[in-house]
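Trainee:
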Amino acid sequence: GVDKWKLPSGELTNLLYLRKIGGLKQEVILSTGMSDLAEVSAAVSVLESSGVEREQLTLLHCNTEYPTPMRDVNLRAMQTLQSSFPGLKGVGYSDHTLGIEVPIAAVAMGAVVIEKHFTLDRTLPGPDHRASLEPNELQAMVQAIRNIEAALGDGAKEPTESESKNRQIARKSIVAAKHIAAGDEFSAENLTVKRPGNGMSPMLWDQLIGTKAPRAYNEDEVIDA
2 GVDKWKLPSG
12 ELTNLLYLRK
22 IGGLKQEVIL
32 STGMSDLAEV
42 SAAVSVLESS
52 GVEREQLTLL
62 HCNTEYPTPM
72 RDVNLRAMQT
82 LQSSFPGLKG
92 VGYSDHTLGI
102 EVPIAAVAMG
112 AVVIEKHFTL
122 DRTLPGPDHR
132 ASLEPNELQA
142 MVQAIRNIEA
152 ALGDGAKEPT
162 ESESKNRQIA
172 RKSIVAAKHI
182 AAGDEFSAEN
192 LTVKRPGNGM
202 SPMLWDQLIG
212 TKAPRAYNED
222 EVIDA
């Protein structure tokens, strides 16, 4: 049976309908086109008072113009919904723009649900077809969204496995700028930094300057003091 309900923007102010759906106490995805924040808040209150838990509710930012002009998309309103209603299952975007760029951007901004009209032929009569995706476009959008989801990552700032091999190649080491005799004092005149990064890190430069060379170093030899 049905375990979640998708409510279109036109029902956002339909009190009786909201109560009916809310009374089912199941997940609800609510589009919020044509509404301001106060109207969205009122609809959320009706659903919650009727039996829907906040964590069962997903709000979709939406503009109902077919097709929606780019200047009217306002994807940041999706983030406003997220911050205005803590505890939501998520936020998403119901898209009526031409093309696939905006849904992809919405996912990058945190959308967990994307609604996009689909048609077999955009030249068919009717108001929805012109702002709909044909099969090859839908496939491209879904693939792009999956790529973005993978690219978003987990947020931890650390080297990835794929780039770990580049650390030694791209980074630098402290090396002798010219011949250094044992006992010579390390200085900016006899030291420099060069690739690869398989020796002493340049971040230790200040600690090394002024100390004595424990042995002789040839020009370009990595310092291992």
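Numbering (our numbering), first residue to last: 2 to 226. The C-beta atom is built at its ideal place from N, Cα and C for all residues, glycine as well. All figures in this text were calculated on a predicted structure; none of them were measured in a lab.
What distance in whole Å lies between the Cβ atoms of D225 and G200, which are believed to be in contact at a cut-off of 8 Å?
Mentor: The Cβ separation is near 7 Å, so the contact holds.
Trainee: Within the continuous alpha helix (DSSP H) that includes Y18, where are the two ends?
Mentor: 16-23 is the extent of the alpha helix (DSSP H) around Y18.
Trainee: Could you spell out where the alpha helix (DSSP H) holding D207 opens and where it closes?
Mentor: Counting along the chain, the alpha helix (DSSP H) containing D207 begins and ends at 206-209.
Trainee: Answer with buried or exposed for H180, where buried requires no fewer than 16 other C-beta atoms within 10 angstroms of its C-beta.
Mentor: Per the 10 Å Cβ criterion, exposed.
Trainee: From which residue to which residue does the beta strand (DSSP E) around L192 run?
Mentor: Start and end: 192-195.
Trainee: What are the uninterrupted segments assigned as alpha helix (DSSP H) that are 4 or more residues long and contained completely in the stretch 129-197, given in chain order?
Mentor: Complete alpha helix (DSSP H) runs here, min 4: 136-153, 167-171.
Trainee: Given this structure, state the Cα-to-Cα distance separating Q144 from L153, to the nearest angstrom.
Mentor: Those two C-alpha atoms are separated by around 14 Å.
Trainee: Helix, strand or coil for G11? Go by DSSP, reduced to three states.
Mentor: G11: helix per DSSP, three-state reduction.
Trainee: Please name the residue, chosen from R77, S50, E222, that lies closest to C63 on a Cα-to-Cα basis.
Mentor: With distances taken between Cα atoms, C63 lies closest to R77.
Trainee: Output the distance between the C-alpha atoms of K213 and N191, rounded to the nearest integer angstrom.
Mentor: Cα to Cα, K213 sits roughly 12 Å from N191.
Trainee: Roughly how many angstroms lie between the CA atoms of S10 and L31, to the nearest whole one?
Mentor: Distance between the alpha carbons of S10 and L31: 7 Å.
Trainee: For the beta strand (DSSP E) that contains I105, what are its first and last residues?
Mentor: Counting along the chain, I105 falls outside any beta strand (DSSP E), though it belongs to the alpha helix (DSSP H) covering 102-109.
Trainee: Please list, in chain order, all residues of the same chain as N124 whose beta carbon is under 8 Å from its beta carbon, the five residues on each side excluded.
Mentor: With the sequence shown as reference, residue 124 is identified as Thr, and Asn is not the correct amino acid for it. For T124, where only same-chain residues beyond five positions count, the Cβ hits under 8 Å are H130.
Trainee: Closest to L19 by C-alpha separation, out of G2, L58, V3, would be which residue?
Mentor: The option with the nearest alpha carbon to L19 is L58.
Trainee: What would DSSP say about D96, mapped onto helix, strand or coil?
Mentor: In this structure, D96 counts as strand in the three-state DSSP scheme.
Trainee: Kindly list the residues whose CB is nearer than 7 Å to the CB of A112, restricted to its own chain and excluding five residues on each side of it in sequence; keep chain order.
Mentor: Hits under 7 Å: M79, V92, G93, Y94.
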